[in-house]
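Colleague: When we follow the UniProt record's numbering, the leftmost residue of the sequence shown carries the number 1, and every step to the right adds one.
Where is the CB? At the ideal position from N, CA and C, for every residue including glycine.
Dumping the structure here so I can ask a few things about it.
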Amino acid sequence: MSRKVVALGIVAALSGAAALAVIWQFGANPGEAAAIAQGRQLYAANCASCHGANLEGQPDWKRPLPSRRMPAPPHDASGHTWHHPDEVLFRITKEGPAAVVGGGYESDMQGFGEVLSDEEIGAVLAFIKSTWPERERAYQAEMSQREKEKTKEKTQ
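So this is what it looks like as structure tokens:
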């Protein structure tokens with residue numbers, strides 16, 4: 001049985017950040033062409049209308065809209081997506097920004113947990129990460145590893 005078949009079975013039994021870790025461990029990392037291709041398609045269908053076809057975000061994304069909500073940020077290297085660890089990116093995508101920011105934060109972004117599977121969210125994130133320059137990918141990977149270690153320490 002292939003590692004991917006095993007991984008898909010495990011993913012079906014897991015949710016949230018645990019599923020994301022399994023997905024990336026078993027092949028859907030930013031360097032894998034199939035996951036990136038799937039992520040590119042899912043991004044185009046679900047994310048590009050707000051975040052831009054080229055991951056450029058909405059104009060003036062750092063200034064509130066008249067609704068007092070923030071515009072969709074870019075997901076390319078000019079934005080701040082790469083400043084967040086994997087677990088945060090996954091949770092924002094699955095549950096919406098308010099789940100991470102808290103405090104009554106309002107956003108035009110819905111959570112995609114009822115639209116995309118955990119594996120599909122992982123593929124979208126793999127696609128986004130694949131577009132970043134090496135410096136940003138390395139920084140984000142290091143931050144993700146530090147967060148994993150902190151979480152592990154807290155549970156011991």
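At what residues does the alpha helix (DSSP H) containing His51 begin and finish?
Modeller: 48-51
Colleague: Can you tell me the Cα-Cα spacing of residue 184 and Phe127, whole angstroms?
Modeller: The structure shown does not extend to residue 184, since the chain is modelled only from 1 through 156, so no value can be given for it.
Colleague: Looking only at C-alpha atoms, which of Gln38, His51, Ala33 sits nearest to Thr110?
Modeller: Note that residue 110 corresponds to Gln in the displayed sequence, not to Thr. Ranking Gln38, His51, Ala33 by Cα distance to Gln110 puts His51 first.
Colleague: Would the beta-carbon of Gly57 fall within 8 Å of that of Val124?
Modeller: No, the Cβ-Cβ distance between Gly57 and Val124 is not below 8 Å.
Colleague: So, helix, strand or coil for Phe26, using DSSP?
Modeller: Summary for Phe26: the model assigns pLDDT 39, below 50, so the residue's position carries little reliability; its value from the coordinates is reported in the next sentence. Note: Phe26 maps to coil in three-state DSSP.
Colleague: Please specify which runs of the alpha helix (DSSP H), each continuous and at least 4 residues long, are wholly inside the stretch 121-156, giving them in chain order.
Modeller: 134-155
Colleague: Below 8 Å, can you find three or more Cβ-Cβ pairs linking the stretch 95-102 to the stretch 58-68?
Modeller: no
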